[in-house]
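Novice: Sharing a structure, written as structure tokens. Questions coming.
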């Protein structure tokens, strides 16, 4: 029994030392009111956002931002969008798993004590033992787990980057839609004004017996259609603004306080055309998609994870070994023991696990091929859409020019008294309709340029400035 106090003290000390690293549980309930306050408190005027903009290269004299173009709005989304916060936390978890993976299994310490009170004539009736069990992993399993964790962490980092691109794509789409709706509302209001003028003139003619009710009724129907169209466009504008606020991660009230910058469509189209119209750069565009696209790199990282899993399943065929040296004091006699144990793997199970891992690796390999095939086909489709959209804008330019010339000719005749005002107003209405079609197709052409960037997940020209 003389060994019992120090052994007991040793075990107690080991438990106390391990207890020093214990982390206590802390509850963190979700309070709806706090969440609501957090959302409403997100403000582009937040000093923390201002510091973030400075890190991005903004000068003190350019803050706060006066006009919010596409680049400025994207920075706002990067700072406030909650989806990015979630993705960052998921990456943090993956990095922790990366640190945990190479850690070996813990060793164990055991202590046993007993006493026999009858039937023993020896001097000692006491018995106790101390044992230590440690695991030796074979086939570099810890290194393989570390490799797999690194690739899983890489996937989360790439998914964070892809999410940023997805947000940029969604933001760009709604940003263009916002400006298209503003332009449509402006043109439709002008059309309604002209239609009202025509309708009033037709009613006067009808009262004088110079025209029938058919003309005024037809124009009234067209006017009502445009009024309905105006209401629909206004509804779509409100919905788009709501989507923009959600993408930015701020409230709609905060968005209403921000002045959205206008788009220079000609400048944006010229920037895209420098790459898309240059035949020598077409293969570079394809290569950019086939080798740099983020989701393609994610697929390659997933393939690497499946490769690591296959290595681990192969390594699991080799059994791990547990060493357990022990000291036993048994009723007056001392014994030193060394135990070696190992679980014998099930051959058939391991064989199936290895085969399963091979199939999963093949699936990830096919995913890479699938993405590359999709990229090639989507690029070809966008190329055709770009050519068609450019032809439509060219034709619209000619039609609008012809309509303006005709309007100028009719206005000249009106000034000379050769025709009356109703014919001039009708031609102005026709010109306005040509103008609406022209700007609609022009925005479509510009959007295709952004579609190329969304597909490639890379800017076509890093020096462009599309927001002004």
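Numbering (my numbering), first residue to last: 370 to 837. Backbone N, C-alpha and C define an ideal beta-carbon position, used for all residues, glycine too.
How about residue 737 and residue 517: do their beta carbons lie closer than 9 Å?
Specialist: For the purposes of this step, residue 737 is taken as the residue at position 368 of the chain shown. For the purposes of this step, residue 517 is taken as the residue at position 148 of the chain shown. For residue 737 and residue 517, no; Cβs fall outside 9 Å.
Novice: Between the alpha carbons of residue 371 and residue 702, how many angstroms are there, rounded?
Specialist: Position 2 of the chain shown, counting from 1, holds the residue named residue 371. Position 333 of the chain shown, counting from 1, holds the residue named residue 702. Below a pLDDT of 50, predicted positions are generally treated as unreliable, and residue 371, at 46, falls in that range; no measurement from the model is reported.
Novice: Pull up the distance between the alpha-carbon of residue 820 and that of residue 641, whole angstroms please.
Specialist: Within the chain shown, the letter at position 451 stands for residue 820. Within the chain shown, the letter at position 272 stands for residue 641. Their Cα atoms are separated by approximately 11 Å.
Novice: Is residue 689 near residue 538, with beta carbons less than 9 Å apart?
Specialist: On the chain shown, position 320 is the one that residue 689 refers to. On the chain shown, position 169 is the one that residue 538 refers to. Taking 9 Å as the Cβ cut-off, residue 689 and residue 538 do not qualify as a contacting pair.
Novice: Taking the alpha-carbon positions, what's the residue 546 to residue 472 distance?
Specialist: Translated into positions along the chain shown, residue 546 becomes position 177. Translated into positions along the chain shown, residue 472 becomes position 103. If I take the Cα positions, the gap works out to 52 Å.
Novice: By the 10 Å Cβ neighbour count, where 16 or more other Cβ atoms means buried, how is residue 826 classified, buried or exposed?
Specialist: Residue numbering aside, residue 826 sits at position 457 when the chain shown is read from its first letter. That one is buried.
Novice: Count the other C-beta atoms from every protein chain shown that fall within 10 angstroms of the C-beta of residue 753, then say buried if there are 16 or more, exposed otherwise.
Specialist: Stepping through the chain shown from its first residue, residue 753 is reached at position 384. Per the 10 Å Cβ criterion, exposed.
Novice: Note down, one range per segment and in chain order, each beta strand (DSSP E) of at least 3 residues found wholly within the region 440-502.
Specialist: Qualifying beta strand (DSSP E) stretches, in chain order: 477-484.
Novice: Helix or strand or just coil, what does DSSP make of residue 695?
Specialist: Locating residue 695 in the chain shown gives position 326, counting from the first residue. Residue 695: strand per DSSP, three-state reduction.
Novice: Just to confirm the assignment, what range does the beta strand (DSSP E) spanning residue 818 have?
Specialist: Stepping through the chain shown from its first residue, residue 818 is reached at position 449. No beta strand (DSSP E) holds residue 818; the alpha helix (DSSP H) holding it covers 790-825.
Novice: Since residue 456 contacts residue 532 with CB under 8 Å, what's their CB separation in whole angstroms?
Specialist: Working through the chain shown from its first residue, we reach residue 456 at position 87. Working through the chain shown from its first residue, we reach residue 532 at position 163. Rounded, the Cβ-Cβ distance is 5 Å, consistent with contact.
Novice: Counting C-beta neighbours from all protein chains within 10 Å, is the total for residue 410 16 or more, i.e. buried, or is it exposed?
Specialist: Taking the first residue of the chain shown as position 1, residue 410 is located at position 41. Answer is exposed; the Cβ neighbour count stays below 16.
Novice: Run through the DSSP bridge pairs and tell me what residue 779 is partnered with.
Specialist: For the purposes of this step, residue 779 is identified with residue 410 of the chain shown, where counting begins at 1. In DSSP, residue 779 forms no bridge with anything.
Novice: Measuring CA to CA, which of 682, 823 and 788 is closest to residue 662?
Specialist: Locating residue 662 in the chain shown gives position 293, where the first residue counts as 1. Of the candidates 682, 823 and 788, the one whose C-alpha sits nearest the C-alpha of residue 662 is 823.
Novice: Quick one: Cα of residue 617 to Cα of residue 414, how far?
Specialist: Locating residue 617 in the chain shown gives position 248, counting from the first residue. Locating residue 414 in the chain shown gives position 45, counting from the first residue. Answer to the nearest angstrom: the Cα atoms are 14 Å apart.
Novice: By how many angstroms is the C-alpha of residue 637 removed from the C-alpha of residue 834?
Specialist: Taking the first residue of the chain shown as 1, we reach residue 834 at position 465. Taking the first residue of the chain shown as 1, we reach residue 637 at position 268. Confidence at residue 834 is low in this model, with a pLDDT of 43, below 50, so its placement is unreliable and the value that follows should be read with caution. In a straight line, the C-alpha of residue 834 is about 8 Å away from that of residue 637.
Novice: Quick check: what's the CA-CA separation for residue 421 versus residue 438?
Specialist: Position 52 of the chain shown holds residue 421. Position 69 of the chain shown holds residue 438. Distance between the alpha carbons of residue 421 and residue 438 is about 17 Å.
Novice: Roughly how many angstroms separate the alpha carbons of residue 771 and residue 669, rounded to a whole number?
Specialist: Counting from one through the chain shown, the residue named residue 771 turns up at place 402. Counting from one through the chain shown, the residue named residue 669 turns up at place 300. Approximately 54 Å, taken between the alpha carbons.
Novice: What residue from 687, 709, 730 and 635 has the CA that sits closest to residue 812's CA?
Specialist: For this step, residue 812 is matched to residue 443 along the chain shown. Closest option to residue 812, Cα to Cα, is 635.
Novice: Bridge partners of residue 704, per DSSP?
Specialist: Here residue 704 corresponds to residue number 335 of the chain shown, with the count starting at 1. Paired residue(s): 697.
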